[in-house]
Amino acid sequence: MAEILSLRDAVARLVHDGDTVALEGFTHLIPHAAGQEIIRQRRRDLTLVRMTPDIVYDQLIGAGCARKLIFSWGGNPGVGSLHRFRDAVQNSWPVPLEIEEHSHAGMANRYVAGASGLPFAVLRGYTGTDLPKHTSTIKQITCPFTGEQLAAVPALNPDVSIIHAQRADRAGNVQIWGLVGVQKEAVLAAKRSLVTVEEIVDELEPVPGQLILPSWAVTAVAEVPHGAHPSYAQGYYERDNGYYEYWDSIGRNRDSFEEWLSDKVFSMEVNTSDDGGAPLVSADRVRVSRKAQEAAK
Amino acid sequence: MAEILSLRDAVARLVHDGDTVALEGFTHLIPHAAGQEIIRQRRRDLTLVRMTPDIVYDQLIGAGCARKLIFSWGGNPGVGSLHRFRDAVQNSWPVPLEIEEHSHAGMANRYVAGASGLPFAVLRGYTGTDLPKHTSTIKQITCPFTGEQLAAVPALNPDVSIIHAQRADRAGNVQIWGLVGVQKEAVLAAKRSLVTVEEIVDELEPVPGQLILPSWAVTAVAEVPHGAHPSYAQGYYERDNGYYEYWDSIGRNRDSFEEWLSDKVFSMEVNTSDDGGAPLVSADRVRVSRKAQEAAK
Amino acid sequence: MSVTEERTYTSDEMMSIAAARSLRNGQRCFVGIGLPSTAANLARRTHAPDLVLVYESGTLGSKPDRLPASIGDGILAETADAVISVPEVFNYWLQPGRIDVGFLGAAQLDKFGNINTTVIGADYEHPKVRLPGAGGAPEIAASCHEVYVVVRQSKRSFVEQVDFITSFGHGRGKGEREKLGLHGAGPTLVITDLGVFRPDPETAELVLTEVHDGVTVEQVREATGWDLKVSPELSTTEPPSEAELKTLRELKAA
Amino acid sequence: MSVTEERTYTSDEMMSIAAARSLRNGQRCFVGIGLPSTAANLARRTHAPDLVLVYESGTLGSKPDRLPASIGDGILAETADAVISVPEVFNYWLQPGRIDVGFLGAAQLDKFGNINTTVIGADYEHPKVRLPGAGGAPEIAASCHEVYVVVRQSKRSFVEQVDFITSFGHGRGKGEREKLGLHGAGPTLVITDLGVFRPDPETAELVLTEVHDGVTVEQVREATGWDLKVSPELSTTEPPSEAELKTLRELKAA
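Residue numbers (the working numbering), protein chains in the order written: chain A, 574 to 870; chain B, 574 to 870; chain C, -18 to 235; chain D, -18 to 235.
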């Protein structure tokens, strides 16, 4: 059964130096607050896994938490590049970053295999591309019935997967709706899992299109309102498109990034609630005002 | 886009002698009316596919429509044996029946592979059992990453899959809720598909737990109220448990079965609506009265 | 003990109640059709209210308020925490070993806990009796942490060696599961209308460890198709309590 | 024609409108991020109201009433016929060839329609520029019946040979797709801000088949990194209609 913990306690208990960590959420419900808590707790040597490493991983990579990234699309969606990611790949700053690169179909199937307790998945993928030349986790497999050649990719089984959801009940059952991405598979593939939620409620009212993760399939739940900001939580808040623009200006330079780290992440440490009662709301998790955006330009 | 047809026209157009035909529905939403229409149109040499061949396939097999059955559990749930199925396997009556036998996990994965455009699926299955000795469509495969041995089963790609659903809209989009079994996979795996529905409506009101099959993924939709009887349609009617008992008495003897065929299937031919406007309700699709059950015992 | 000379319960009731008692609160139980479903639902209404029932029809955490008439009764979906597809229940929930107990029935069971629900008779092509087949059982028996079997016992059903291994138990003895790479422990408990059996820790052969109240070891031997070994610590099953009987009867009547 | 001496539209607008026109009503279109999404949404609001938009975020039949800000904008889920998981969109819907047109963008495109969105520079380990990577594109390019590419054209983006094949087009020429067992026809149409290109039926090399109104062939050559062949049946793109421009601008403003 899932334990209800504060975000700080959950990250402290579940995420260790050297772990393979997946934060999932496909545009929707990206667990940004959890990512920043990992930075705040100064985790190191993580292998980060994510289909779409966007701002959340730019922050973790820039803060030096990662030694490796397993991914299929790394960018600031609708804006451009991830400057911290590029700086790490091109200049090994602040630490070298090894990459293992797949396609979305490959990554999704790697999670499916992980969730299914299988060592690998089969797909029609990568054909004719240069990816298999550089990614050793893409192999060929022969159909034992037709002789056809297909691609095989190994299961992903993170030490810990972290997702954000709309709600949980007090027993730790999790409810998600809207775009659900690969979150169920990421949680089921992992050895441990943390779900941050907008709110913990007495009863989960059914919502059309909902996905339920039973409490016994989750390790910990933490209540973190606005925990997906600047991404969105359907039914709670919209995507803060301005933040994605703003991030471009922050991430572009090492100085502005380090200032951001110091102001918006590390300085929040003292405000973390100890008892898990009053949820932490970081100063960074406030909609970027037009003024801030302008200033950033 | 799905065409809206009468059940008779749909079966006439989509189901041909010698076809591989899957009727799916896991206890819930079993397409009984469509099965009886196939009998009525005297299809022959079908390869019937179904995880749980229960009464619907006992009827088709007894009527001599099938030359082969691909399945994982054949019984009258909660009652006992399928007598027509046993008579065909043990005595080749009315025609010999070849069988290809899997487990549920194997069959489900065969549909998944079919729906995914893959030639085979991998699972942890059949280990230590006698099934691979008798079923040539179970093979071993080696994980190219770990060297582990797993089971492989070939994709199922029926010529036509038939399912029953609660509703469709006039554009042919299909809405199903409650237990959804393997129906989506069966439809997506097939070359052609027919969905019989309780009703065709102007607009599909969202229902929690719904599954939607877009019109463009379905070949034909036919309105057949009570088309799942004696199984059930959540939100429409309950399972007719009495019918399952009653069927035991009908199916037990060749004579009573042939009488049933003549009275309840072939005699309905003249009542079939020609224009598809007034849906056919077979006399067999009426809840079995306590009296009928008593008489049958 | 409150049992009068005339027993106030049937041996089937004793079997269901003994089977129900074997389940612990909070366990995740993959529930087979028939006798296992009765026992699991009884457990949930007596000592194990937080037992998580998983059905192969695709329901996680069903809480039916009556006995489901089939493995896919609508009540299972309506009262479930989550309803999922059949491929998902096997691939995401059963296969990775998320389920504590697989609760199965059997047409034929042998002394190493192998189960046959496929054919009676040695010739698969021309069976004496064609049974329903495997259903979900082979993978339930493979992937759950433990397997409990509940079955009515007779010389026909309790045999030296099954005619067909539909679901692998312990093969021909200790260590075979490990050799095959099976992750679960296999059948650790068999409950019948006469008693309770557990695999010998050395040989994996099923040994009588409990007789139901009022049943003699001789009666059990007569209903067993092999030379039955009896545990030196043989005990007698506690007869059904009034509460258990009442709950079971209410369940079956509803 | 109503074009005055001063053009009333930008070349980007011409590109989006030309791209939108290429889609036929009722087609199933797998929509990439950015320019393709703009074009597909424009098509749905002009001549192709029944265009079925599929996004890799897991939406089938989205009908957004404004331009989605990202591939996973909430409006896509809220207006979809069905919302499904990301594994399902790739495995059940894209991979089996259910989608007519894959609509992709590109950082670099070569004369055989191969696409690079991974690295600029020959050394993958030490790239000149690290691009976002593959995303869904390799399998979109493999599995859709046809692929349309929409890209802003320059010598840097329109190259003889891409530095990295992220998504396979026609390789080094006609017949390579078939040899690799790819089911779809690959890139059959490339739309840029200058014109329209189609693979030569004999060689699969991209050939200029249309120039946008007001653009010269020489301008196109100057923005092409290989020795461009021009179709003998070269035509001129119909300039945007007022209705197209109005709809596009409303879309982008909303």
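Note that beta-carbon positions come from the ideal geometry of N, C-alpha and C, so glycine has one too.
Check                                                                                                                                                                                                           : Outcome
Where in the region 633 to 664 of chain B do unbroken runs of the alpha helix (DSSP H), each at least 4 residues long, occur, reported from the N-terminal end onward?                                          : 656 to 664
Would S148 of chain D count as contacting chain B if we go by Cβ distances under 9 angstroms?                                                                                                                   : no
Residues of chain B with CB under 7 angstroms from Y73 of chain D, in chain order?                                                                                                                              : A688, S689 and L761
Shortest alpha-carbon distance to G114 of chain D belongs to which of A:Q722, A:P667 and A:F658?                                                                                                                : A:F658
Is there a C-beta anywhere in chain C that falls below 9 angstroms from the one on K757 of chain A?                                                                                                             : yes
Please list the segments of the beta strand (DSSP E) lying wholly inside the region 763 to 806 of chain B, counting only runs of 3 or more residues, in order along the chain.                                  : 765 to 774, 784 to 786 and 793 to 796
At what residues does the alpha helix (DSSP H) containing D742 of chain A begin and finish?                                                                                                                     : No alpha helix (DSSP H) contains D742 of chain A, which is instead part of the beta strand (DSSP E) from V733 to D742.
Any idea what DSSP makes of I749 of chain B, helix, strand or coil?                                                                                                                                             : strand
With DSSP as the reference, please indicate the residues paired to C10 of chain D in a beta bridge.                                                                                                             : D:L34 and D:V82
Could you list the residues in the region 711 to 744 of chain A with a C-beta less than 8 angstroms from some C-beta on chain B, going in chain order?                                                          : K712, Q713, I714, C716, P717, F718, T719, E721, L723, A725 and P727
Measuring alpha carbon to alpha carbon, tell me which of A:M624, A:F599 and A:L619 ends up nearest L670 of chain A.                                                                                             : A:L619
So is D821 of chain B buried or exposed if we call it buried at 16+ other beta carbons inside 10 Å?                                                                                                             : buried
Can you check DSSP and say which residues form a bridge with G176 of chain D?                                                                                                                                   : D:V192
In three-state DSSP terms, what is P68 of chain C?                                                                                                                                                              : helix
So, H151 of chain C versus G94 of chain C, is the Cβ gap smaller than 9 angstroms?                                                                                                                              : yes
If we cut at 9 angstroms on Cβ distances, does P787 of chain B have a partner in chain D?                                                                                                                       : yes
Would you tell me roughly how many angstroms separate the C-alpha atoms of G156 of chain C and R5 of chain C, rounded to the nearest one?                                                                       : 26 angstroms
Can you name the residues of chain B whose CB is closer than 8 angstroms to the CB of R697 of chain A?                                                                                                          : G690 and L691
Taking 8 angstroms as the cut-off, does the region 693 to 702 of chain B touch the region 140 to 149 of chain C (at least 3 CB pairs, one atom from each stretch)?                                              : yes
Taking the alpha-carbon of A681 of chain B as reference, which of B:L578, B:R623 and B:P717 has the nearest alpha-carbon?                                                                                       : B:R623
At a CB distance below 9 angstroms, what residues from the region -4 to 30 of chain C approach chain A? Give them in sequence order.                                                                            : G7 and R9
Do the CB positions of V768 of chain B and A795 of chain B come within less than 9 angstroms of each other?                                                                                                     : yes
Does any residue of chain A bring its CB to less than 9 angstroms from the CB of L161 of chain D?                                                                                                               : yes
For L587 of chain B, name the three-state secondary structure that DSSP assigns.                                                                                                                                : helix
Does the Cβ-Cβ distance between F11 of chain D and V82 of chain D come in under 9 angstroms?                                                                                                                    : yes
Using a Cβ-Cβ cutoff of less than 7 angstroms, which residues in the same chain neighbour V753 of chain A once the five nearest sequence positions on both sides are dropped?                                   : L784
If distances are taken between C-alpha atoms only, which option among A:H605, A:E758 and A:D660 comes closest to N826 of chain A?                                                                               : A:D660
Going by Cα to Cα distance, which pick from C:T98, C:N72, C:G117 and C:R111 is closest to G690 of chain A?                                                                                                      : C:N72
Starting from the C-beta of Q756 of chain B, find all residues in its chain whose C-beta is less than 6 angstroms away, skip the five residues before and the five after it, and write them out in chain order. : E597 and I736
Identify whether P49 of chain C lies in helix, strand or coil by the three-state DSSP scheme.                                                                                                                   : coil
In whole angstroms, what is the alpha-carbon distance linking G162 of chain D and V726 of chain A?                                                                                                              : 19 angstroms
Go ahead and label D836 of chain B buried or exposed: buried means 16 or more other beta carbons lie within 10 angstroms of its beta carbon, across all protein chains shown.                                   : exposed
Within 9 angstroms of any Cβ in chain A, is that where the Cβ of Q748 of chain B sits?                                                                                                                          : no
Is it the case that the Cβ atoms of V132 of chain D and A87 of chain D are separated by a distance below 9 angstroms?                                                                                           : yes
Could you check if Q885 of chain B is buried or exposed, using at least 16 other CB atoms within 10 Å of its CB as the buried criterion?                                                                        : Residue 885 of chain B falls outside the range modelled here, since chain B spans only 574 to 870, and no answer is possible.
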